[in-house]
Every structure is written in structure tokens, then in C-alpha cells.
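In my numbering, the protein residues as written are 91 to 208. A quick write-up on the structure given underneath.
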């Protein structure tokens, strides 16, 4: 994985609970706050969305009845030249389909940084 920050976690691109495999190409170094959010979670904070929240919304959609599928688009940005193997942020979208028809698109940009949170 090549984690750069000693506090980094091995985050899945596609969660194992969503069918993502535990293989190197599906893992990337994630700051704990990007992965899970601030601890303890402060709902009134201005914290950016977390990867866990993104995965949870996809999981909730798939749990509903119907022929549900998800199409992911993930883009990693590497702005820090000192840490070329660690993404600075991740842009992700998930197109949610039921019976082949697009129902909703989720996503956003997830900051992979422990320092820049409100």
C-alpha cells in the first residue's frame, strides 16, 4: 500500500461489505478522519463527508428491494510531491441503478488529510 503517514489506515476503494476484494489494487492509504470521520463524531462540526458515509449510502441503496446495481467512478489526486503514493484527495461518484434505470448519483470530493478539518 505504501502508507506515508504513520496514522494512515488501509482503506478500501470499494468496501468489502459492498463486494470489494481485499487485494492491493483495491486499497489506498486513508487518513482516519477521511475514512471514519472525527472521533468522537461531532454532528455539528463542519467536517467534510467521510468515505464511511459514502459507503453507507451505497449500502443503504443496495439493501432495498429491486434489481439494484452501482457504477463507480473514482479519481485520485496526488498534489503532494513529497508523498507521491498517497492521494491528497479522492473524487468519487456512484451511479445507483434499479432495473437498469438511474435512480440517483452520490459522491463528492473526500479530503485525505487529518489537518484541514473544522
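Cβ atoms here follow ideal geometry from the backbone N, Cα and C, with glycine treated the same way.
If residue i sits next to residue j, beta carbons under 8 angstroms apart, how far is it from one beta carbon to the other, in whole angstroms?
{"i": "residue 166", "j": "residue 177", "result": "4 angstroms"}
{"i": "residue 192", "j": "residue 148", "result": "Their Cβ separation, rounded to whole angstroms, is 14 angstroms, which puts residue 192 and residue 148 out of contact at 8 angstroms."}
Taking Cβ to Cβ, would you say residue i is nearer than 7 angstroms to residue j?
{"i": "residue 160", "j": "residue 179", "result": "no"}
{"i": "residue 116", "j": "residue 141", "result": "no"}
{"i": "residue 181", "j": "residue 199", "result": "yes"}
{"i": "residue 98", "j": "residue 114", "result": "no"}
{"i": "residue 203", "j": "residue 156", "result": "no"}
Please report the straight-line C-alpha distance between residue i and residue j, rounded to a whole angstrom.
{"i": "residue 154", "j": "residue 103", "result": "22 angstroms"}
{"i": "residue 150", "j": "residue 158", "result": "11 angstroms"}
{"i": "residue 107", "j": "residue 127", "result": "18 angstroms"}
{"i": "residue 190", "j": "residue 121", "result": "35 angstroms"}
{"i": "residue 171", "j": "residue 123", "result": "22 angstroms"}
{"i": "residue 243", "j": "residue 164", "result": "Nothing in the structure corresponds to residue 243, since the chain is present only between 91 and 208."}
{"i": "residue 139", "j": "residue 101", "result": "15 angstroms"}
Short of 6 angstroms in beta carbon distance, which residues of its chain neighbour residue i, apart from the five on each side in sequence? Order them along the chain.
{"i": "residue 105", "result": "145"}
{"i": "residue 95", "result": "none"}
{"i": "residue 152", "result": "158"}
{"i": "residue 162", "result": "184"}
What three-state label does DSSP hand residue i in the structure shown?
{"i": "residue 150", "result": "helix"}
{"i": "residue 176", "result": "coil"}
{"i": "residue 122", "result": "helix"}
{"i": "residue 185", "result": "strand"}
Just to confirm my understanding: we take residue i, look at its own chain, exclude 5 residues before and 5 after, and list those with CB closer than 7 angstroms. What are they?
{"i": "residue 194", "result": "186"}
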